[in-house]
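Step one of this worksheet: look at the structure below.
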Amino acid sequence: MLRIESFVLLPSYQTNTWLVWDDESKDALFFDPAAIGREPLEFIQKHDLKVQAIVLTHGHGDHIGGLAYFKNQLDAPVLIHEADAEMLLDNKKNLSEYIGMPLDLPAADRVLQDGDIITFGAHQAKVIHTPGHTKGSIGVLIDKFLISGDTLFEMSIGRTDFPGGSYEEIMHSIKTKLFILAEDTIVFPGHGPSTSIGMEKLNNPFVR
Ligand SMILES: [Zn+2]
Ligand SMILES: [Zn+2]
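Here the sequence shown is numbered in the working numbering, starting from 525 and rising by one per residue.
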């Protein structure tokens with residue numbers, strides 16, 4: 525069975541770092557290591573999980589601050605959409621300079637495109653390109669779980685006023701790529717509580 529846990533490693537931004545795993549095979553994916561922290565490592569060790577990849581929903585500093593640390597600790601490849609890959613190596617583009625915590629990060633090991641599959645254990649995680657918050661923002665669908673990054677939040681949507689952002693694109697992404705998913709798909713966003721596609725289709729005031 526598929527399981528999920530969140531860690532808040534960067535309290536000032538409340539970024540969700542998600543760990544998804546199969547409780548039989550113990551294979552796992554680790555999303556958006558926002559900052560350095562022991563808690564996920566202890567959890568991974570305690571549950572005897574094998575992290576197959578570190579997946580980044582996009583290249584903003586508040587989602588990648590712990591990337592070098594976790595790549596080293598977990599010895600797992602780093603995956604990001606091709607349009608955001610350069611943000612890992614540019615502290616202006618990833619905004620880390622702007623928020624006062626410049627980063628020194630590894631490059632991506634694999635760049636992703638829309639429709640790519642990330643296999644872990646018996647599961648297939650599907651990459652959904654959802655540009656708008658950044659050019660290379662992705663959602664990742666694993667069975668009924670959607671890791672939505674900063675595209676779709678509970679009753680809100682991601683900001684589009686940063687470089688690479690586009691209001692028209694994020695609206696298009698949400699309507700044509702996310703709101704076509706099954707209503708009972710559970711949405712695990714980059715910030716704030718989880719929700720579902722059905723809930724957001726009915727109630728999200730920003731998408732009409
Ligand atoms: Zn962001
Ligand atoms: Zn964010």
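For glycine and all other residues, C-beta sits at the position ideal for the given N, C-alpha and C.
Would you list the residues sitting across from residue i in a DSSP beta bridge?
i      : result
His571 : DSSP, once it has assigned bridges, lists no residue as partnering His571.
Gln648 : Thr643
Glu529 : Leu543
Ser680 : Phe677
Val711 : Leu670, Thr719
Let me check you understand the geometry: is the CB of residue i closer than 7 Å to at least one non-hydrogen atom of ligand 2?
i      : result
His605 : no
Asp628 : no
Asp586 : yes
Thr658 : no
Thr539 : yes
His715 : yes
For residue i, verify whether its CB is less than 7 Å away from any heavy atom of ligand 1.
i      : result
Asp674 : yes
His653 : no
His571 : no
Val696 : The sequence shown places His at residue 696, not Val. Every heavy atom of ligand 1 is 7 Å or more from the Cβ of His696, so no.
His582 : yes
Taking the alpha carbon of residue i as the point to measure from, which residue in the options has its own alpha carbon closest?
i      : options                        : result
Thr658 : Ser718, Met695, Asp640, Gly645 : Met695
Leu702 : Gly714, Phe686, Ser690, Lys725 : Lys725
Leu598 : Glu529, Phe677, Ile568         : Ile568
Glu693 : Leu627, Thr654, Glu610         : Thr654
Asp685 : Val664, Gly656, Glu707         : Gly656
Met679 : Thr700, Gly716, Lys668, Tyr691 : Gly716
Should residue i and residue j be called a contact, given that it needs their Cβ atoms to be closer than 8 Å?
i      : j      : result
Gly660 : Ile604 : yes
Leu670 : Val635 : no
Thr675 : Ser697 : yes
Gly714 : Gly688 : no
Ile528 : Leu543 : yes
If we define contact as Cβ-Cβ less than 8 Å, is residue i a contact residue for chain D?
i      : result
Thr719 : Looking at the structure shown, chain D is missing, and only one protein chain is on hand.
Mind checking whether the beta-carbon of residue i lies closer than 7 Å to any heavy atom of ligand 3?
i      : result
Thr539 : With respect to ligand 3, the structure shown offers nothing to examine, as its ligands consist of ligand 1 and ligand 2.
Quick one: any contact between the stretch 531-543 and the stretch 582-592, if contact means 3 or more CB pairs under 8 Å?
yes
With three or more C-beta pairs closer than 8 Å as the rule, is the stretch 537-548 touching the stretch 596-615?
no
Cβ pair count under 8 Å reaching 3, the stretch 641-653 against the stretch 567-581
yes
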